[in-house]
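S.K.: Chains as they are written, first to last, in our numbering: chain A, 664 to 776; chain B, 58 to 168.
Ideal Cβ placement from N, Cα and C applies to all residues, glycine included.
All of these numbers come straight from a predicted model, not from anything done at the bench.
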Amino acid sequence: EPEVTQTPSHQVTQMGQEVILRCVPISNHLYFYWYRQILGQKVEFLVSFYNNEISEKSEIFDDQFSVERPDGSNFTLKIRSTKLEDSAMYFCASSEGTTDEQYFGPGTRLTVT
Amino acid sequence: RKEVEQDPGPFNVPEGATVAFNCTYSNSASQSFFWYRQDCRKEPKLLMSVYSSGNEDGRFTAQLNRASQYISLLIRDSKLSDSATYLCVVIPRGAGNMLTFGGGTRLMVKP
Numbered sequence: 664e665p666e667v668t669q670t671p672s673h674q675v676t677q678m679g680q681e682v683i684l685r686c687v688p689i690s691n692h693l694y695f696y697w698y699r700q701i702l703g704q705k706v707e708f709l710v711s712f713y714n715n716e717i718s719e720k721s722e723i724f725d726d727q728f729s730v731e732r733p734d735g736s737n738f739t740l741k742i743r744s745t746k747l748e749d750s751a752m753y754f755c756a757s758s759e760g761t762t763d764e765q766y767f768g769p770g771t772r773l774t775v776t
Numbered sequence: 058r059k060e061v062e063q064d065p066g067p068f069n070v071p072e073g074a075t076v077a078f079n080c081t082y083s084n085s086a087s088q089s090f091f092w093y094r095q096d097c098r099k100e101p102k103l104l105m106s107v108y109s110s111g112n113e114d115g116r117f118t119a120q121l122n123r124a125s126q127y128i129s130l131l132i133r134d135s136k137l138s139d140s141a142t143y144l145c146v147v148i149p150r151g152a153g154n155m156l157t158f159g160g161g162t163r164l165m166v167k168p
């Protein structure tokens with residue numbers, strides 16, 4: 664069964680450093696998303712991406728964040744200058760487009776020290 | 058008022074029991090509804106979409122009540138492997154494909 668993959672599974676970085684989280688969505692899917700979940704809290708939407716541009720973004724997704732689809736398979740989330748409060752699980756998801764159903768990758772645990 | 062509200066639980070039930078969870082949502086124009094399950098420190102996994110007419114998948118039945126703005130999930134014949142957090146998820150109208158998650162209801166099925 665096709666699935667979303669994410670790398671790395673765990674990233675530790677120092678405050679102020681840049682990080683890039685990588686995702687490979689399901690191959691025939693057209694819509695891509697990033698969500699985050701701070702430990703003990705609910706899953707929160709960050710951004711959606713379609714046709715090589717951002718289609719929706721939340722208030723969390725400020726100028727420190729950016730997304731890119733650098734090639735036909737990868738979808739990345741960059742955090743330019745990490746803060747302690749960026750520590751969370753970051754989930755990538757994708758959807759086909761014919762339905763609203765989204766499928767999530769296993770997540771990257773980001774720890775900012 | 059929270060956009061999607063769930064009783065956090067935990068619901069402790071014996072194997073074989075029937076258990077039901079409810080969820081309420083605040084945006085009356087919400088357009089799509091789902092139940093996901095999440096195991097500890099894992100990704101949300103789609104359990105089922107919820108349709109206006111109600112739908113069933115094996116031991117799981119989901120219902121939508123648009124007038125009262127609530128969604129329910131019924132699990133029959135609970136298994137130990139059903140122990141997880143169940144997430145009620147809504148797409149509000151005008152929000153594109155942005156999933157809005159409830160805080161989840163924790164289920165623990167005991168032998």
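For T118 of chain B, which residues in the same chain have their Cβ closer than 6 Å to its Cβ, ignoring the five residues on either side in sequence?
M.R.: Here the set comprises L131.
S.K.: Can you grab the Cα-Cα spacing for the pair S736 of chain A / Q674 of chain A, in whole Å?
M.R.: Roughly 21 Å separates the two Cα atoms.
S.K.: Which value, in whole angstroms, describes the spacing of the CA atoms of Q120 of chain B and S758 of chain A?
M.R.: Computed Cα separation, rounded: 23 Å.
S.K.: Could you check whether the Cβ of Q765 of chain A sits closer than 8 Å to any Cβ belonging to chain B?
M.R.: Yes, its Cβ sits closer than 8 Å to a Cβ of chain B.
S.K.: Cα separation between G160 of chain B and R98 of chain B?
M.R.: Distance between the alpha carbons of G160 of chain B and R98 of chain B: 14 Å.
S.K.: Is the CB-CB distance between K102 of chain B and Y93 of chain B below 8 Å?
M.R.: Yes; because the gap between Cβ atoms is below 8 Å, this pair is in contact.
S.K.: Measure the C-alpha to C-alpha separation of A152 of chain B and V61 of chain B and round it to an integer number of angstroms.
M.R.: Each residue's alpha carbon lies about 14 Å from the other.
S.K.: Let me know if I148 of chain B comes out buried or exposed under the rule of 16 or more other beta-carbons within 10 Å of its beta-carbon.
M.R.: I148 of chain B is buried by the Cβ-count criterion.
S.K.: Looking at chain B, which residues of the region 701-716 of chain A have a Cβ within less than 7 Å of any of its Cβ atoms?
M.R.: Taking 7 Å as the Cβ-Cβ cut-off against chain B, the residues of the region 701-716 of chain A that qualify are K705, V706, F708, S711.
S.K.: Would F78 of chain B and T162 of chain B qualify as a contact pair, given that the criterion is a beta-carbon distance under 8 Å?
M.R.: It is a contact, given that the beta carbons lie within the stated cut-off.
S.K.: Compute the minimum distance between the beta carbon of N715 of chain A and the heavy atoms of the ligand ZN, and state whether it is under 7 Å.
M.R.: As far as ligands go, the structure on display features none, and thus does not contain the ligand ZN.
S.K.: Between S672 of chain A and chain B, is there a C-beta pair that is closer than 8 Å?
M.R.: Chain B, which has no Cβ nearer than 8 Å to the Cβ of S672 of chain A, makes this no.
S.K.: For E100 of chain B, go through chain A and note every residue whose CB falls closer than 7 Å to its CB, in chain order.
M.R.: Under the 7 Å cutoff, chain A gives F754, F767, G768, P769, G770.
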